[in-house]
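**Student:**
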């Protein structure tokens, strides 16, 4: 990886954001964290992200609603969803909306890293 990928982490739980931030920074990624989808959408960082890791259930705009909105605007940014409530119908909805991965909390760091690698490869292929 010559240029570090920018990963945006969206979760309303500050401890989850910090844990994922620390994991990804230790692997050489540039990480931007957001407490909500609205905060992410207001940020100029939203245009430069290589992948979004988002909680499914957030106040106001859910992770799936954010993905749907971004796809409607033409964004092909890969999404990984994380959730404390890994309901099968929500998983199906997330994947149908275009998510690369869907992980239930707590998840192993190795599982998240595997999902991220897959998402970044898929994102690179979309850019070509």
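Residue numbers (the numbering used here): 5 to 132.
Idealized CB from N, CA, C, for every residue including glycine.
1. Using 8 Å as the threshold, is the C-beta distance between residue 59 and residue 86 below it?
2. For a minimum of 4 consecutive residues, which ranges assigned as the alpha helix (DSSP H) are wholly contained in the segment 24-105?
3. Is the Cβ-Cβ distance between residue 68 and residue 120 less than 8 Å?
4. Apply the 10 Å Cβ neighbour rule to residue 62 and answer buried if 16 or more other Cβ atoms are within range, or exposed otherwise.
5. Does the Cβ-Cβ distance between residue 12 and residue 56 come in under 8 Å?
6. On the DSSP bridge list, what partners appear for residue 13?
7. CA-CA distance, residue 44 and residue 50?
**Tutor:** Taking the structure as given:
1. Yes, they are a contact pair.
2. Contiguous alpha helix (DSSP H) elements confined to the segment 24-105 occur at 41-46, 67-76, 92-101, taking only those with 4 or more residues.
3. no
4. Within a 10 Å sphere around the beta-carbon of residue 62 sit 16 or more other beta-carbons, which makes this residue buried.
5. yes
6. 37, 57
7. 6 Å
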